[in-house]
Amino acid sequence: MTLTHWNLNPLLTGLFFELGIIFLFQILVRRIWVHPGHDPKFSLNYQQGRLKVLSVIYFGLLGIYFEYATIHVGPNYAFVNIRMLLLMYVVFFIGQQTAYIVLALQFLTRIVLIGGTQMERSLLFLVFYAVIIGLLGVVRHRLWTSRMLTIIVTSIVFIPLFWLLVYVMHFPIQQKITLADMYEQIAIFWVMDIVLYFAIIFLDRDNRSYVQRVHQATIDELTGLANYAEFATTFNHTYKSSRADNGQLILIAMDIDRFKRINDTYGHLGGNRVLTTVGTMLREYVGNDKDISVYRVGGEEFEMLLTGMTMDMAQMLAREIQVNAENKTVIYQHSRIQFTMSFGLAQLRDGDDEADHLYDRADRMLYQSKGRGRNEITTDLQEN
65 MTLTHWNLNP LLTGLFFELG IIFLFQILVR RIWVHPGHDP KFSLNYQQGR LKVLSVIYFG
125 LLGIYFEYAT IHVGPNYAFV NIRMLLLMYV VFFIGQQTAY IVLALQFLTR IVLIGGTQME
185 RSLLFLVFYA VIIGLLGVVR HRLWTSRMLT IIVTSIVFIP LFWLLVYVMH FPIQQKITLA
245 DMYEQIAIFW VMDIVLYFAI IFLDRDNRSY VQRVHQATID ELTGLANYAE FATTFNHTYK
305 SSRADNGQLI LIAMDIDRFK RINDTYGHLG GNRVLTTVGT MLREYVGNDK DISVYRVGGE
365 EFEMLLTGMT MDMAQMLARE IQVNAENKTV IYQHSRIQFT MSFGLAQLRD GDDEADHLYD
425 RADRMLYQSK GRGRNEITTD LQEN
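Each residue of the sequence shown is one higher than the one before, counting from 65 in the numbering used here.
Written out as structure tokens, the structure is:
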């Protein structure tokens with residue numbers, strides 16, 4: 065069916081169209097959330113970070129398409145209903161700011177496609193939908209005690225008023241509609257609204273469940289650091305990128321000295337308290353720095369990946385962590401636990417044909433630190 069003959073009036077067609085929009089958005093959400101080297105602490109929040117950018121681009125392009133279709137096919141009731149549905153759900157689920165950005169893109173599309181010949185009508189279009197977004201925002205903030213209640217009230221009260229306004233003003237549809245048309249479109253909106261609501265709720269829960277599973281698969285729950293599986297993925301990805309770009313890559317292998325003695329003396333819960341303390345300390349060094357990532361790879365062993373740093377900078381960082389660990393006192397059942405850490409540093413070399421070559425060298429440096437009496441820092445610059 066070509067665009068010029070496309071008619072969305074049949075309810076079934078409209079339902080499949082809106083569900084397709086939501087399912088495609090879900091696929092994109094999952095794709096952008098999970099990718100090599102992603103931050104495992106990243107949460108599923110549609111109003112922040114990458115997901116907000118995705119939402120603006122996705123629904124912005126959709127809005128541009130609607131403007132193009134409306135101008136080339138001609139305004140019709142179904143486009144108005146679907147536009148209102150998506151606008152309502154963007155405001156409620158993603159944010160009012162995103163809805164205004166989408167509206168601005170639609171307005172600019174109208175100007176580009178029809179020029180200044182209908183500027184007065186285009187400005188009326190802008191004001192009309194801007195007011196709707198504002199009213200939806202007010203409803204959301206006043207009634208957000210229950211998402212379902214908010215949508216029910218909006219659909220039962222706001223939508224009939226909207227279509228009554230369309231019936232009286234003949235806008236944004238130029239043609240005059242009858243009362244029968246108005247009743248029919250209200251009923252169609254309600255049916256599509258019910259289906260869309262449960263589809264979005266299902267997909268949102270499914271996405272959040274998926275995020276939780278990914279989190280459990282990549283995060284060490286005790287320390288809050290990424291685990292070995294995440295380290296292996298990120299390390300290989302970073303190694304390949306650094307080799308391709310001739311970038312600097314340094315791996316710091318570290319562990320807690322005489323950790324078995326800590327476990328034997330204070331029990332595993334005391335040892336866990338030390339691990340938690342180290343995890344918190346290491347996360348503080350990472351912060352929002354994209355050039356540093358840290359992992360618990362097993363037991364009392366940790367790995368830190370540094371990109372874009374010199375060996376001198378890496379040694380300074382290792383020294384800071386070493387001193388910080390020395391000065392930490394872990395309180396457990398009225399006991400004061402002191403601990404130290406050993407470090408092995410290795411930087412990427414031209415001869416490292418595999419990521420394991422760098423990993424093995426950092427591990428060797430760590431064991432040299434242990435052999436030198438522990439609480440030491442050894443770099444592969446010292447290796448003959």
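Note that the Cβ used here is the ideal one computed from N, Cα and C, for glycine as well.
Predicted model only: the values in this text are computed from it and were never measured.
query                                                                                                                                                                               : result
To which residues does DSSP link ALA293 through a beta bridge?                                                                                                                      : According to DSSP, which records beta bridges pairwise, ALA293 is partnered with nothing at all.
Expressed to the nearest angstrom, what Euclidean distance is found between the alpha-carbon atoms of ASP444 and ASP414?                                                            : 14 Å
So, for ILE441: in the same chain, excluding its five sequence neighbours on each side, which residues have a beta-carbon less than 6 Å away from its beta-carbon?                  : ALA382 and PHE407
What separation, rounded to the nearest whole angstrom, lies between the Cα atoms of MET429 and ALA410?                                                                             : 8 Å
Determine the extent of the alpha helix (DSSP H) in which ASP319 is found, giving its start and end residues.                                                                       : ASP319 -> not in any alpha helix (DSSP H); beta strand (DSSP E) instead, spanning 313–320.
Check whether the region 262–282 touches the region 323–343, counting contact only when three or more Cβ pairs, one atom from each stretch, lie closer than 8 Å.                    : no
Output yes or no for whether 7 Å exceeds the beta carbon distance between GLU316 and GLU364.                                                                                        : Per the sequence shown, the amino acid found at residue 316 is Ile instead of Glu. For ILE316 and GLU364, no; Cβs fall outside 7 Å.
If you check the beta carbons only, do VAL394 and THR341 fall under 7 Å apart?                                                                                                      : yes
If you drop the 5 nearest sequence neighbours on each side, which residues of the same chain put their C-beta closer than 8 Å to that of ILE86?                                     : LEU260, ALA263, ILE264 and LEU267
Following the continuous alpha helix (DSSP H) through PHE60, name the residue where it begins and the one where it ends.                                                            : Outside the shown range of the chain, which is 65 to 448, sits residue 60, and nothing can be said about it.
Based on DSSP bridge pairs, tell me the residues matched to GLU418.                                                                                                                 : In DSSP, GLU418 forms no bridge with anything.
In the DSSP assignment, what are the bridge partners of TYR396?                                                                                                                     : SER399
With burial defined as no fewer than 16 other Cβ atoms inside 10 Å of the residue's Cβ, what is the status of ARG436: buried or exposed?                                            : exposed
Under three-state DSSP, which class holds PHE123?                                                                                                                                   : helix
Any idea which residues DSSP pairs ALA410 with across the strands?                                                                                                                  : LEU315
Report the residue from GLN160, GLN397 and ASP420 whose alpha carbon sits nearest the alpha carbon of ARG204.                                                                       : GLN160
Using three-state DSSP, classify SER210 as helix, strand or coil.                                                                                                                   : coil
Could you say which of GLY288, ASN300, VAL155 and MET368 lies nearest to VAL201 if we only look at CA atoms?                                                                        : Looking at the sequence itself, residue 201 is Gly, so the reference to Val does not match. Answer by Cα proximity: VAL155.
Would LEU187 and GLY124 qualify as a contact pair, given that the criterion is a beta-carbon distance under 7 Å?                                                                    : no
Which residues does DSSP list as the beta-bridge partners of ARG360?                                                                                                                : PHE366
Following the continuous alpha helix (DSSP H) through ILE223, name the residue where it begins and the one where it ends.                                                           : 223–233
Please list the terminal residues of the continuous beta strand (DSSP E) segment that includes ILE441.                                                                              : 441–443
Given this structure, state the Cα-to-Cα distance separating ASP420 from ALA308, to the nearest angstrom.                                                                           : 17 Å
Checking the sheet assignment: what are the DSSP bridge partners for ILE283?                                                                                                        : ALA290
Determine the contact status of TYR292 and GLY362, defining contact as a CB-CB distance below 7 Å.                                                                                  : yes
Helix, strand or coil for THR374, going by three-state DSSP, please let me know.                                                                                                    : coil
Can you check DSSP and say which residues form a bridge with MET405?                                                                                                                : ILE320
Under the three-state reduction of DSSP, which class applies to ASN310: helix, strand or coil?                                                                                      : coil
So what does DSSP say about THR173, is it helix, strand or coil?                                                                                                                    : helix
What's the call for VAL176, buried or exposed, on a 16-neighbour Cβ count within 10 Å?                                                                                              : exposed
On a CA-only basis, which of THR298, LYS240, PHE222 and MET212 is nearest ILE258? Give me that one, please.                                                                         : MET212
Helix, strand or coil: which one does DSSP assign to ARG337?                                                                                                                        : helix
Kindly list the residues whose CB is nearer than 7 Å to the CB of MET152, restricted to its own chain and excluding five residues on each side of it in sequence; keep chain order. : LEU200 and THR218
Short of 8 Å in beta carbon distance, which residues of its chain neighbour LEU41, apart from the five on each side in sequence? Order them along the chain.                        : Here the chain comprises residues numbered 65 to 448, so residue 41 is not present and cannot be evaluated.
Whose CA, out of ILE196, ILE197, PHE235 and ARG322, lies closest to the CA of ILE401?                                                                                               : ARG322
Measuring alpha carbon to alpha carbon, tell me which residue in MET377, LEU207, MET318 and ILE91 is nearest GLN386.                                                                : MET318
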